[in-house]
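>
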Amino acid sequence: MSETKTDKRDLPPAAQRALAEAEARRAEAEAVELPKELGGRDGPEPVRYGDWEKKGIAIDF
Numbered sequence: 015m016s017e018t019k020t021d022k023r024d025l026p027p028a029a030q031r032a033l034a035e036a037e038a039r040r041a042e043a044e045a046v047e048l049p050k051e052l053g054g055r056d057g058p059e060p061v062r063y064g065d066w067e068k069k070g071i072a073i074d075f
């Protein structure tokens, strides 16, 4: 399902502002650079998945 510009025009002004704010927050979140993780797992932030240890040793604390 794709949304066209005409669909956004049909929304009330408050909804249009909310969409604009959400888009700005997403752009800001993408621009954030996380510091290099030393000694941790490769890939996404491990705390999100409850993975705080590596070979039995607590990491990133």
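Counting from 1, position 13 in the sequence shown corresponds to residue 27 in the numbering used here; the numbering is continuous, with no gaps.
The C-beta atom is built at its ideal place from N, Cα and C for all residues, glycine as well.
Note that the coordinates shown come from a computational prediction; the quantities given were computed from them, not determined experimentally.
Beta-carbon within less than 7 Å of residue 15's beta-carbon, same chain only, minus the 5 sequence neighbours each way: which residues are those?
In the sequence shown, residue 15 corresponds to position 1, counting from 1. Low local confidence applies: a pLDDT of 49 at residue 15 is under 50, so the model's placement there is unreliable, and no value is given.
> Give the straight-line distance between the Cα atoms of residue 36 and residue 49, rounded to the nearest whole angstrom.
Taking the sequence shown and counting its residues from 1, one reaches residue 36 at position 22. Taking the sequence shown and counting its residues from 1, one reaches residue 49 at position 35. Rounded to whole angstroms, residue 36 to residue 49 spans 25 Å at the Cα level.
> Is the shortest distance between the beta-carbon of residue 40 and the beta-carbons of chain C less than 7 Å?
Note that chain C does not occur in the displayed structure, where there is just one protein chain.
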